[in-house]
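Structure record follows, encoded as structure tokens.
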Amino acid sequence: MHKDVDVSEPPEGIVPLGDEIYAIDTMLAGYPGVVSAYLIRTERPCIVEVGTAASATVLRDAVVRLGLAPEDLATIVVTHIHLDHAGGTGDMAALFPNAEIVVHERGARHLADPSRLMASAAMVWGDRLETLFGHMSPTEATRIRAVSETGEIDLGGGRRLVSHYAPGHAKHHMGLVDTGTGDLYVGDALGVYNPLTGDLRPATPPPDFDMDACLRTLRLFGDIGAQRLMFSHFGALTEVEATMDRAERELRLWVETVRDSHDTGGDLDHAIAMVRDKVISRYRPNPPEASPGTVAVLDTLSGPEANVSGIVHWLDRLAREQEQARKKAEEERA
Numbered sequence: 002m003h004k005d006v007d008v009s010e011p012p013e014g015i016v017p018l019g020d021e022i023y024a025i026d027t028m029l030a031g032y033p034g035v036v037s038a039y040l041i042r043t044e045r046p047c048i049v050e051v052g053t054a055a056s057a058t059v060l061r062d063a064v065v066r067l068g069l070a071p072e073d074l075a076t077i078v079v080t081h082i083h084l085d086h087a088g089g090t091g092d093m094a095a096l097f098p099n100a101e102i103v104v105h106e107r108g109a110r111h112l113a114d115p116s117r118l119m120a121s122a123a124m125v126w127g128d129r130l131e132t133l134f135g136h137m138s139p140t141e142a143t144r145i146r147a148v149s150e151t152g153e154i155d156l157g158g159g160r161r162l163v164s165h166y167a168p169g170h171a172k173h174h175m176g177l178v179d180t181g182t183g184d185l186y187v188g189d190a191l192g193v194y195n196p197l198t199g200d201l202r203p204a205t206p207p208p209d210f211d212m213d214a215c216l217r218t219l220r221l222f223g224d225i226g227a228q229r230l231m232f233s234h235f236g237a238l239t240e241v242e243a244t245m246d247r248a249e250r251e252l253r254l255w256v257e258t259v260r261d262s263h264d265t266g267g268d269l270d271h272a273i274a275m276v277r278d279k280v281i282s283r284y285r286p287n288p289p290e291a292s293p294g295t296v297a298v299l300d301t302l303s304g305p306e307a308n309v310s311g312i313v314h315w316l317d318r319l320a321r322e323q324e325q326a327r328k329k330a331e332e333e334r335a
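In our numbering, the protein residues as written are 2 to 335.
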């Protein structure tokens, strides 16, 4: 049963957004302003994004403060299975025993058995893995519902979340549209928004980043006609068209800068240096009141090292595919 909640003075880390939607800071690695989850407090309450394993109790406490019992939550949905978004799914499933877990079909098996996902993450993050993300617990397979190109989540009262497959950042990524509000939950498809500076940078990590898929997803999102963009990093934006345009411009600038280095034989360090000089130097500095930990974590998750590595990986894959196509064409002509 829902309890009436006075949101005139919401608890720290919770931001009322209207229409029974609340942004909840998941406090990734103990720092504010990194990952935002969203509670849709309707007849069938739903949480979008869960953060890391350590975020599960943060979200449980927030849900209770917002007038719900853990048993009331009907659905937990993640935009994709990267650990900063879905690392706490197994812990959340245990804390919210009646919630169905919704994920894209390409990520479903990794929620049920996260061993390969954790092993891959360990190779990327090394000894930083435990500090940043903790350990991902498995989710009972019977609790998981996988969706494909599109899917629906019943929020009650005729209101739904409609999922749309949205690759580019990851092969298991989807966006979500609230039919009652026009809100679009973008995950990492538009990049990382820093509310302290107003800057938006792309999120292009290896191994799945694909420029062409990213651009198709941007066109898909543009066609949806959203009223508001709900960023996982970090917060809600109402300047929809301008933000979509900026996301594409920034993505193209990052990719072209890395391509210029790559095509002239520059190594990874050279490409990173070029991005720092030509791209990142344009961004506003964080204000003095910004948490140093937050700034460091955001730079780790979407800084030049991770982004440039993903772009280089895509460029190399593209070159291999083009070479294979050329050889095949020659064989067919022979």
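For each residue, glycine too, the CB sits at the ideal point set by N, CA and C.
Out of L177, H136, T140 and R160, the CA that lies nearest to the CA of V148 is found in L177.
In chain order, P207, P208 and F210 place their CB closer than 8 Å to the CB of H314, counting only its own chain and leaving out the 5 sequence neighbours on each side. F232 has G188 and G236 as its beta-bridge partners, per DSSP. By the Cβ criterion, the region 151-161 is not in contact with the region 115-123, since fewer than three pairs of Cβ atoms, one from each stretch, lie closer than 8 Å. Beyond the five residues adjoining it in sequence on each side, T218 comes within less than 6 Å, by CB distance, of A167, G169 and A190 in the same chain, given in chain order. According to the DSSP assignment, P17 belongs to the beta strand (DSSP E) that extends over I15 to G19. Following the DSSP letters along the chain, one finds T151 inside the beta strand (DSSP E) bounded by residues T151 to G157. Taking a C-beta distance under 8 Å as the contact criterion, I82 and G108 qualify as a contact pair. Residue ranges of uninterrupted beta strand (DSSP E) with 3 or more members, entirely inside the region 158-221 and ordered along the chain, are 160-166, 175-179, 184-188, 193-195 and 200-202. By DSSP's assignment, S37 forms a beta bridge with D26.
Going by beta carbons, I154 and L112 fall outside the 8 Å limit. In the same chain as D26, and ignoring 5 residues on each side of it, the C-beta atoms closer than 6 Å to its own belong to G14 and P33, in chain order. A straight-line Cα-Cα distance of about 11 Å links L40 and G19. In the three-state scheme derived from DSSP, where H, G and I count as helix and E and B as strand, A248 is classed as helix.
Taking C-beta atoms as the reference points, P46 and D73 count as a pair closer than 8 Å.
A distance below 6 Å between beta-carbons, with the five flanking residues on each side excluded, links M245 to the following residues of its chain, in chain order: G223. Apart from sequence neighbours up to five positions away, the residues of its chain that approach L316 with a beta-carbon distance below 8 Å are V259, R260 and H263, ordered along the chain. In this structure, E50 is the residue among E50, R66, D92 and I102 with its C-alpha nearest to the C-alpha of D85. A Cβ-Cβ separation of about 5 Å places R229 in contact with T239 under the 8 Å criterion. Around the beta carbon of T151, fewer than 16 other beta carbons sit within 10 angstroms, so the residue counts as exposed.
Inclusion of L201 and Y194 in the CB contact set at 8 Å is warranted, their separation being smaller than that value.
Beta-carbon to beta-carbon, E251 and G192 are separated by about 7 Å, close enough to satisfy the 8 Å threshold.
About 4 Å separates the beta carbons of A57 and G89, which is inside the 8 Å limit, making them a contact pair. Under DSSP, the beta-bridge partners assigned to T76 are C47 and E101. Residue state for I312 is assigned as helix, using DSSP reduced to three classes.
Here DSSP, grouped into helix, strand and coil, assigns A147 to strand. The beta-carbon separation of V64 and P71, rounded to 7 Å, stays under the 8 Å limit for a contact. Nearest C-alpha to P203 among E322, A237, T265 and V276: V276.
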